[in-house]
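So for the sequence shown, this note's numbering puts the first residue at -14; every next one is plus one. For each residue, glycine too, the CB sits at the ideal point set by N, CA and C. Let me begin by presenting the structure, written as structure tokens, before commenting on it.
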Amino acid sequence: MEQAARMRKRGQINVVLKKYPDQEHALLSHQETDVLEKPEHVAYKKMQQELNEFIGLKNIKDFMKEIYAWLYLNQKRQDEGLKAGKQVLHMVFKGNPGTGKTTVARLIAKMFKEMGVLEKGHLIEAERADLVGEYIGHTAQKTRELVQKSLGGILFVDEAYSLARGGEKDFGKEAIDTLVKSMEDQQHSFVLILAGYPKEMDRFLKLNPGLPSRFPMKVTFPNYTVKELLLMAKKMVKERDYQLDNRAEDTLKDLLTYTKEKQEEHFSNGRFIRNLLERSIRSQAVRLLEEGKFEKVDLMTIKSVDLTKAFHHTDVRIE
Ligand SMILES: Nc1ncnc2c1ncn2[C@@H]1O[C@H](COP(=O)(O)OP(=O)(O)OP(=O)(O)O)[C@@H](O)[C@H]1O
Ligand SMILES: [Mg+2]
């Protein structure tokens, strides 16, 4: 989607879509105007407000603005009788676990609904087992049923490459073929998002040459930095009426640095933080019960020991 979109009507919008070398999709650079505050942009504003609650994700924020601008401008062009670009909205999301893929897909579904692009705006999450059947003909039927359920919304297929796992003879191939056919037959009725680990997604797309052109929008979800993860943690504890004391913050930083390095692409980013904190809250509860401490400040404070105890729990620490 490397195109320049300009609307000079009363000089209100002047947006240029640029291609950055390190990112697969075009980013939007814009001159800040308050034009997006207008009621007609409510779909964008709502989505932006929700997205602003998220730490980091700068490229996703730009990407969402880009799709909005593109759809909006296409509408304006149609109104003026100009040719509007073909709107293929199927996407590929590449990112490690817990980087926000499902959350962002949900937001896109909502925004598309607000904009009238999708009728219902719901998200159906599926994986291989939901699409692939056990006997000949079963797969096509299962996949078609899932597409049927997704009409008016988004069908989000996680670990999409697992469909190509067994090669030519595997039923997974039938699922891919059925999906592709549905994309063509029901072009404007649903959006398909294929998601998964970056390397595996690249390989999958390369091995299925018919696919990349059908998914013009490719979005990379970067791993969060330790700094971003810490901010995320502080936000999550605050939302739950808890706080980390100074030592707990240092411990959390150490745990994050260690785990991120050790698990590499298996590190589950936002999900790791959430699991660790939820576990820590339970560790803290046991500690306070045993210590018999129930002052407000005690009830609120997560200590270093709560984090380390939680960390050693298998729910949190995936080896
Ligand atoms: N930028 C962020 N700011 C705050 N919380 C976040 C952010 N990104 C992810 N999270 C939180 O991390 C958790 C995982 O996010 P999500 O399920 O969207 O990731 P995912 O990429 O779909 O993961 P998976 O591949 O494991 O399905 C959620 O609880 C989400 O709220
Ligand atoms: Mg997910």
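Hey, how far is the Cα of residue i from the Cα of residue j?
{"i": "Leu309", "j": "Gln248", "result": "With the chain represented from -14 up to 304, any question about residue 309 goes unanswered, as that position is not in the structure."}
{"i": "Lys23", "j": "Arg113", "result": "43 Å"}
{"i": "Ala11", "j": "Gln228", "result": "The predicted position of Ala11 is uncertain, since its pLDDT is 42 and thus under 50; a value taken from the coordinates is nonetheless stated next. Straight-line Cα distance between these residues: approximately 39 Å."}
{"i": "Asp7", "j": "Asn254", "result": "Residue placement at Asp7 cannot be trusted, given a pLDDT of 43 that sits under 50; what the coordinates show is reported in the next sentence. Their Cα atoms are separated by approximately 21 Å."}
{"i": "Lys46", "j": "Gln33", "result": "8 Å"}
{"i": "Ser135", "j": "Ile109", "result": "6 Å"}
{"i": "Pro183", "j": "Leu196", "result": "16 Å"}
{"i": "Leu262", "j": "His297", "result": "13 Å"}
{"i": "Phe97", "j": "Tyr57", "result": "11 Å"}
{"i": "Asp332", "j": "Leu273", "result": "Outside the displayed range of the chain (-14 to 304) lies residue 332, so it cannot be described from this structure."}
{"i": "Glu(-13)", "j": "Arg264", "result": "Residue confidence is low: Glu(-13) scores 33 on pLDDT, short of 50, so the model does not pin down where it sits. Its coordinate-derived value is still stated next. Their Cα atoms are separated by approximately 45 Å."}
{"i": "Pro194", "j": "Gly151", "result": "17 Å"}
{"i": "Gln305", "j": "Ala54", "result": "The requested residue 305 does not occur in the structure, where the chain is confined to residues -14 to 304."}
{"i": "Leu131", "j": "Glu119", "result": "16 Å"}
{"i": "Asp230", "j": "Phe279", "result": "17 Å"}
{"i": "Arg129", "j": "Gln72", "result": "23 Å"}
{"i": "Asp235", "j": "Phe189", "result": "40 Å"}
{"i": "Asn44", "j": "Glu159", "result": "34 Å"}
{"i": "Glu65", "j": "Asp239", "result": "58 Å"}
{"i": "Gln19", "j": "Asp226", "result": "In the sequence under discussion, the amino acid at residue 19 is Asp, which differs from the Gln named in the question. Cα-Cα distance, rounded: 35 Å."}
{"i": "Glu25", "j": "Met49", "result": "17 Å"}
{"i": "Gln60", "j": "Lys281", "result": "55 Å"}
{"i": "His15", "j": "Gly157", "result": "Because the pLDDT at His15 is just 49, under 50, the model does not fix this residue reliably, and the point stays unresolved."}
{"i": "Arg62", "j": "Lys31", "result": "24 Å"}
{"i": "Leu192", "j": "Ile161", "result": "12 Å"}
{"i": "Thr293", "j": "Val271", "result": "14 Å"}
{"i": "Ser289", "j": "His123", "result": "52 Å"}
With 16 other CB atoms within 10 Å as the buried threshold, where does residue i fall?
{"i": "Ile313", "result": "Only positions -14 to 304 of the chain appear in the structure, and residue 313 is not among them; the question remains open."}
{"i": "Ser198", "result": "exposed"}
{"i": "Asp291", "result": "buried"}
{"i": "Pro82", "result": "buried"}
{"i": "Ala233", "result": "buried"}
{"i": "Glu276", "result": "exposed"}
{"i": "Glu224", "result": "exposed"}
{"i": "Leu177", "result": "buried"}
{"i": "Ala111", "result": "buried"}
Measure the beta-carbon distance from residue i to residue j and round it to whole angstroms, keeping in mind my assumption that it falls under 8 Å.
{"i": "Ala333", "j": "Met186", "result": "Nothing about residue 333 can be reported from this structure: the residues present for the chain run from -14 to 304 only."}
{"i": "Ile139", "j": "Phe175", "result": "7 Å"}
{"i": "Leu21", "j": "Tyr29", "result": "6 Å"}
{"i": "Met285", "j": "Arg259", "result": "Going by Cβ atoms, the distance from Met285 to Arg259 rounds to 19 Å, so no, they are not a contact pair."}
{"i": "Asn208", "j": "Thr88", "result": "Incorrect: roughly 15 Å between the Cβ atoms, too far for contact."}
Confirm the yes/no value for this check: CB of residue i, any heavy atom of ligand 1, distance under 8 Å.
{"i": "Asn208", "result": "no"}
{"i": "Met221", "result": "yes"}
{"i": "Ser147", "result": "no"}
{"i": "Gly80", "result": "yes"}
{"i": "Glu22", "result": "no"}
{"i": "Leu42", "result": "yes"}
{"i": "Phe48", "result": "no"}
{"i": "Phe39", "result": "yes"}
{"i": "Asn231", "result": "no"}
{"i": "Thr84", "result": "yes"}
{"i": "Ile139", "result": "no"}
{"i": "Ile258", "result": "yes"}
{"i": "Ser268", "result": "no"}
{"i": "Asn193", "result": "no"}
{"i": "Met186", "result": "no"}
{"i": "Met217", "result": "yes"}
{"i": "Glu213", "result": "yes"}
{"i": "Gly255", "result": "yes"}
Do residue j and residue i have their beta-carbon atoms positioned less than 9 Å apart in this structure?
{"i": "Met202", "j": "Val77", "result": "yes"}
{"i": "Ala295", "j": "Arg256", "result": "no"}
{"i": "Ala90", "j": "Phe141", "result": "yes"}
{"i": "Thr242", "j": "Val211", "result": "yes"}
{"i": "Leu36", "j": "Leu92", "result": "yes"}
{"i": "Lys86", "j": "Phe206", "result": "yes"}
{"i": "Phe245", "j": "Leu215", "result": "Note that residue 245 is Lys in the sequence shown here, rather than Phe. Contact flag unset, no."}
{"i": "His107", "j": "Ala94", "result": "yes"}
{"i": "Leu116", "j": "Lys105", "result": "no"}
{"i": "Ile52", "j": "Leu74", "result": "yes"}
{"i": "Gly80", "j": "Leu103", "result": "no"}
{"i": "Asp143", "j": "Ala180", "result": "yes"}
{"i": "Val204", "j": "Glu99", "result": "no"}
Taking 8 Å as the cut-off, is the CB of residue i close to at least one heavy atom of ligand 2?
{"i": "Lys158", "result": "no"}
{"i": "Ala180", "result": "yes"}
{"i": "Asp143", "result": "yes"}
{"i": "Lys61", "result": "no"}
{"i": "Thr87", "result": "yes"}
{"i": "Glu110", "result": "yes"}
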